[in-house]
Every structure is written in structure tokens, then in C-alpha cells.
Amino acid sequence: MTPLTPSDRMRRIGPDGRSLAHTAKEIIKPNDRLTAFERLEIYNRQYWFRILDGLSDDFPGLRAVLGDRRFNKLSQHYLTDCPSRSFTMRDLGSRLENWLAKRPQYAPGRLQLALDMVRLEWAEIEAFDAAFETPLTATDLTHADPGSAHDPYHSKASRTTSSAPSFQNAASPGAQNSVAPKGSIDPAKLRLRLQPYIRLLPLHYPVDDLLLAIKQDTPADIASNAMEERQKRKKVSAVARLKPALVYLAVHRIDNTVYFRRLEREEFTILDQLRRGRTLEQAISAAFRQPRTSKLTRANSRRKSAPGKPTTSRSVEQRAADVASWFQNWSSLGWFVRQP
Amino acid sequence: MPANRFNNFTTYGVGIGLRIPHYDHILRRKPTCDWFEIISENFMIDGGRPLQILDQILERYKVVQHGVSMYFGSADKLNRDHLRRLKTLVKRTKTPWLSDHLCWGSVDGRYTHDLLPMPYTFEAARLTAQKIKEVRDFLEVPIVVENVSSYAEYHVSEMTEWEFLNEVVERADCGILLDVNNIYVSSQNHSFDPAMYLNSIPAGRVAQIHIAGHSKYRKYILDTHDHPVIDPVWKLYDRAIQRTGHTATLLEWDDHIPSFDEVHHEALKANKYLASASLAAAV
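If you read the protein sequences in the order shown, they are chains L and H.
One rule links them: number in the numbering used here = place in the first sequence (from 1) + 40.
One rule links them: number in the numbering used here = place in the second sequence (from 1) + 152.
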């Protein structure tokens, strides 16, 4: 649908170059107060007001990053190129990241920051209403059948001994072929699923802090124009101060409230690999190796390790302790779920 | 017609739309309210707070589902994902009937998120009725269609809006959600007599009635659901109730939403008319 004019009126010429007044006249009856064009215009204006407001409500962070004028321009062009294809307006922003990545002119000088913010705000939308599944318990973990690579938690507990999960073998990069001790998890075969609501984001800017600050500074109902102006200046200032910094973020839920949780790079990698269906061993091995494909890490890492070599100076024992500690946190947050 | 096959033989009284600003009040104070109407699309999701709230509401209150995007009148085929999600929600709420609008709003899979008026043609009535039947067969719940407010009329129309509504509901054998505010708004925008509309409605098919406020502009009226119900709309409601008998009634208030008590108080004004209808029926 053709966007409105700068004064929020329906355009006189349609996308096919024809006069919209003429087209409207062919289809719509005038009445004693309105021409066919004016009657069509009521719908045209309502359409744009509705979807522009919807996108603005969903992306307050991007609005702050770009400023009102640029955000409005971006919104109009995005929604023209990517009209809604969903029965729900919740999905209006689902294609914004890909669209913006190909059109840097809409975020001049701030593309990466804008893209990070879009990723975060879309992740927040998805995390808000994605499914919750019954989390795995510690008992589920310790009774996992190491012989079942695909469905360890639905297999009968054939093991009578139990011990704390052992991550030591998996935390050693050369241990892919090792066998877990009897009574512990076999990381070579164990695959874990994450809660559907978890979104993992590698970010170039600490946009999580920025978004929280923006939301905190946005009163539900702006009391006056002066107040609104002050809020705008604060937001602009916060954006201007923001320096690049690698952030590995999990967007998740606790009691149906969305939270942002920063992760260590290795911690992030393990979760990301598990989400991609890798075994626990593969995930942990990947976490302690130099990533080869991540532009994010390549651009920022000062490490000189050869690909495939461990990148950390921490001992195997220390890494195993890290992994165990992370697993404890993830389990307490209920992040792992049963196989379907 | 208080209870009929189109509202699953229920006898609901006066309800209001369930809206986010009222969640806290409802869950904390547990006010008396006959029933709530939910916008189905807000709960056709996989998890999270909206469904948690809905489950809490369902523990205590009767809930009826009202949709805004089925688009019975669109030429597009029915969206199967939409239907599957809707059916999941129907099982959750156990809604006795399910309503959506007699309108179109999508083209080639692109959604306007608006309730666009139909061309009142026999062909459109046939296609629309067919889709209503498909939805009813899939969801296994009575379907009722709501007349929309409109701001435009088409040259191709072959009948009046009320004739079109009758044609569709007869062909689909479905119920009507009669929105008396929408009748009023359209009557003002298109210069017809709203009483003529009301008098032509097959009263036995009315499963539910909507009332609402609107905004008056210089050359037209917009259905904004952001004001109290005006007297002329109450008069239409009175006439509707005289024809249909005691019918489930719901006040819609979607913008500039006041407190729960204020919205509920406005809705309960309907009881005056419902009581006189019941009295007339008894006599």
C-alpha cells in the first residue's frame, strides 16, 4: 500500500502511476459529504497509523537509536517493502533485521548498533510469548542413559548408580573419543534441548543496558511536551555515549517476565551449540576452541591461536569447573527441557 | 432468544472486553462480571504471560472468544496455521461460541489488520458463507458473524448491508453478533435508517450484541471504541433487545480505557433494557 504524504494524506498517484482519485471513483460511491477518494482515504490513513504505531510500540530502542525522523522514514519504507503476512500484528517486525541489514542508508553511521537493537527487541518479543516446556530436573540429568543419543530422558533408568555430572572429559579439547565414567553423563552422546523461549544473541554493543535505560525513562503517559523533550534528550545522550563492546546475551523468562542475562563467550557457545543439536561434548569442545566463522569474534578477538586450538589458558580442571558451574545455573533457571 | 443454538444454548448477561489495563484489578479484586470477551489473536500464542493471565481468568469467569482476522470475506484461502492456533485456544477457553467479523482484510496473504467492508454481491455472499462453514467444521464450535462499521460503499453492491448479512447467515446457517454501535455508525456514514437495518435482522440468529462508543468528525463517524455509549445507540440497543429478547451483551472499550469500574458501570446500563425485555416476555 502506498505510504501517506508528509502531511498524512493519501497520495494522489498510485503505485501503478494512475490517479487514485480516478481509481477510487471507479470502485467506491461518493456520498453527500465525501468523495470516493476521501472515503478511501479514511481506510488508507487508518492502515498506516495502525501499522506505524504498532512498529513504534515494538521497537522503542531502535527509535531511540535512530531518532524520530529517521525511525519514521525507516518504518514507512520497511512496511512498504514488507507488509504484514501474519494474522497478528505481533509479527510486524519479524523481517526488520534482514531488511535493514541490506539497507544501511536507513541507519547512517549506526548500522551495527541499529541491527543489534533490532535483534534484541525482536528477541524480546519472541521470548515473551514462546512456549514453556517442563524443565529437566537434576534427577533427569543424573539418570540419563548414556546409550541413547536421541532421547536420553525418555529411556528407562537402567542405571542404579548415580553421581554428579562429570564435564571433565568434555572440557578437554582432545577428549572427543573418551568414554564417560560409569554413572556419569556421557557427553559424547548427550544432546540437550533448550527452552523454546530462550534467544541467544551475540551483540557488538551493550544494547541490553541501553534498552533497559530507554524503557525506564519512558513514562507510560507523557505528561507534557517539555517532559517529552527532556526524555528525548536523555535518550539521544545515552545513545551517543554507547561504545562498542562484545556482549553475549541470553534473552529468557522467569515467571513469565522477560530478562536479559549476559554470558561468558564460552558459556554462550555451549548453549548455542546445544541449541543447534550438537552433543554436549561437541558443544563444550567448540566453546574452548577459536571460533572460525564468527565475524563478531574475528573482528574483535585479539587472540592469535590457530583455529582448532584451545584459546584459553585455563586448565582443564578450571574449565570443567566453569562448565559445571554454568550447568548449575542453567539448570536452576530451568533452561533444559525433555526431548519431544 | 436468550439461548439458541448459535450461542450454544447459553444465557449470558452483560460482559466487557478483557483488556490489559484491567488485568491487575480483575486478578486482585475479583470483581463480579458476568463474562469477558477476549480478542482471540492476543492469545493464539505458545506461552508466556498472556496465557498465564487467561488461565487465571478462566478459573473464575466465563470467557467468549472474539476474532479480528479470520476475514471470512477475503478471497484468500483460510490460513491453516491460524485455524490450528485458534482451535488450540478454543479447547483452552471452552468458548461456547466464536465470533469474527463479516468483512475482508487480506489479499494474497498480505494482512491489512483492518475490517474492510464487503461488496454486497451474491457471489461474495456465497464465498463468505462457504468459508464460515469451513471454519465451523474445523473448530467444532458455533460461529457468529459481526456486522462492521464502514466508511465506504461499492458500486458493485447488489443489495443493502442488512440484506447481505441475511444472505450470508442463511447460506452459512450461522449466528449473528449484532453490533448496534456499528449499525449506528454506518447509518450515519451512509445515510440509511438504522431501524430498518434492525427490523430486518433474523432475531432468532442473534447470539450476542455489541455496544460501544465512537468518535464524531465533521463529515463522518469513526468506530473508535473510546467513549461511552451515546443515547441514540442505547435506543437502538433497546429496539434490538425488544426483537431478540434477553441476549448476551458486551461493551467494547479499546482506547483511552478508563478504570474497570467505569467500563463495567457503563456496560451494566444495558441491564435496564434487558430487564424490561424480560418483563415484556413474562407478560
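Note that the Cβ used here is the ideal one computed from N, Cα and C, for glycine as well.
In this text, all values refer to a predicted model and were calculated from it rather than measured experimentally.
Glu189 (chain H) and Leu203 (chain H) have their C-alpha atoms spaced approximately 15 angstroms apart. Taking 8 angstroms as the upper bound on Cβ-Cβ separation, chain H lies near residues Arg293, Asn296 and Thr297 of the segment 282-306 of chain L.
Under the three-state reduction of DSSP, Glu173 (chain L) is assigned to coil, being neither helix nor strand. Rounded to whole angstroms, Leu250 (chain L) and Leu311 (chain L) show a C-alpha spacing of 24 angstroms. Using beta-carbon distances, Tyr237 (chain L) counts as an interface residue toward chain H, with a partner under 9 angstroms. Within chain L, the residues placing a beta-carbon under 7 angstroms from that of Lys371 (chain H) are Arg73 and Leu74, ordered along the chain. For Thr309 (chain L), the enclosing alpha helix (DSSP H) covers residues Arg305 to Arg315. For Thr280 (chain H), the closest Cβ of chain L is not nearer than 9 angstroms.
When DSSP assignments are scanned along the segment 294-360 of chain H, the uninterrupted stretches of beta strand (DSSP E) that are 3 or more residues long and fall wholly within it turn out to be 295-298 and 327-331.
According to the DSSP assignment, Trp256 (chain H) belongs to the beta strand (DSSP E) that extends over Trp256 to Val259. Under the DSSP assignment, Lys214 (chain H) falls in the beta strand (DSSP E) whose first and last residues are Lys214 to His218.
Pairing Leu153 (chain L) with Tyr118 (chain L) gives a Cβ-Cβ distance that is not under 9 angstroms.
Spatial neighbours of Ala227 (chain H) in its own chain (CB-CB distance under 8 angstroms, excluding positions within 5 residues in sequence) are listed in chain order as Trp256, Val259 and Leu279. A distance below 8 angstroms between beta-carbons, with the five flanking residues on each side excluded, links Ala167 (chain L) to the following residues of its chain, in chain order: Tyr237, Ile238, Arg239, Val291, His292, Arg293 and Val298. Taking the CA atoms as reference points, Ala422 (chain H) sits about 19 angstroms from Ala347 (chain H).
Here Phe111 (chain L) has Leu102 and Arg103 as same chain residues with Cβ atoms under 7 angstroms from its own Cβ, once five neighbours each way along the sequence are excluded.
Taking C-beta atoms as the reference points, Glu298 (chain H) and Pro269 (chain H) fail to come closer than 9 angstroms.
Against chain L, the CB of Ser339 (chain H) has no partner CB under 9 angstroms away; the residue lies outside that interface.
Going by C-alpha positions, His362 (chain H) is about 47 angstroms away from Leu151 (chain L).
Sixteen is the threshold: when 16 or more other Cβ atoms of the shown chains lie within 10 Å of the Cβ of Asp226 (chain L), as they do, the residue is buried.
Under DSSP, no beta-bridge partner is assigned to Tyr245 (chain L).
The segment 358-369 of chain L makes no contact with the segment 366-379 of chain H: fewer than 3 CB pairs, one atom from each, lie closer than 8 angstroms.
Interface annotation, Lys255 (chain L): not in contact with chain H, CB-CB separation never under 9 angstroms. Taking the Cα positions, Pro246 (chain L) is about 29 angstroms away from Pro175 (chain L). By a beta-carbon distance limit of 8 angstroms, Arg135 (chain L) contacts Cys122 (chain L). Their separation comes to about 5 angstroms. Pairing Gln360 (chain H) with Arg233 (chain L), the inter-Cα distance amounts to about 46 angstroms.
Counting along the chain, Asp252 (chain H) sits inside no alpha helix (DSSP H); it lies in the beta strand (DSSP E) bounded by residues Leu250 to His253.
Of the residues H:Asp252, H:Leu267, H:Leu206 and H:Ser301, the one whose Cα lies closest to the Cα of Ala281 (chain H) is H:Asp252.
With contact defined as three or more Cβ pairs closer than 8 angstroms, the segment 223-242 of chain H and the segment 196-213 of chain H are in contact. Within the segment 156-168 of chain L, Ala167 and Phe168 place their CB atoms closer than 9 angstroms to a CB of chain H, listed in sequence order. The contact set of Lys69 (chain L) on chain H, defined by CB atoms closer than 8 angstroms, consists of Ala304, Glu305, Tyr306 and His307 in chain order. Around Pro202 (chain H), the beta-carbon contacts reaching into chain L at under 8 angstroms are Asp169.
Identification of residues in the segment 253-266 of chain H having a C-beta nearer than 7 angstroms to some C-beta of chain L yields Gly261, Arg262, Tyr263, Thr264, His265 and Asp266, given in sequence order.
Closest option to Phe376 (chain L), judged by alpha-carbon separation, among L:Leu230, L:Ala278 and L:Pro70: L:Leu230.
Using a CB distance cut-off of 9 angstroms, Arg315 (chain L) does not count as an interface residue toward chain H. Within the segment 77-93 of chain L, Glu78, Arg79, Leu80, Ile82, Tyr83, Gln86, Tyr87, Arg90 and Ile91 place their CB atoms closer than 8 angstroms to a CB of chain H, listed in sequence order.
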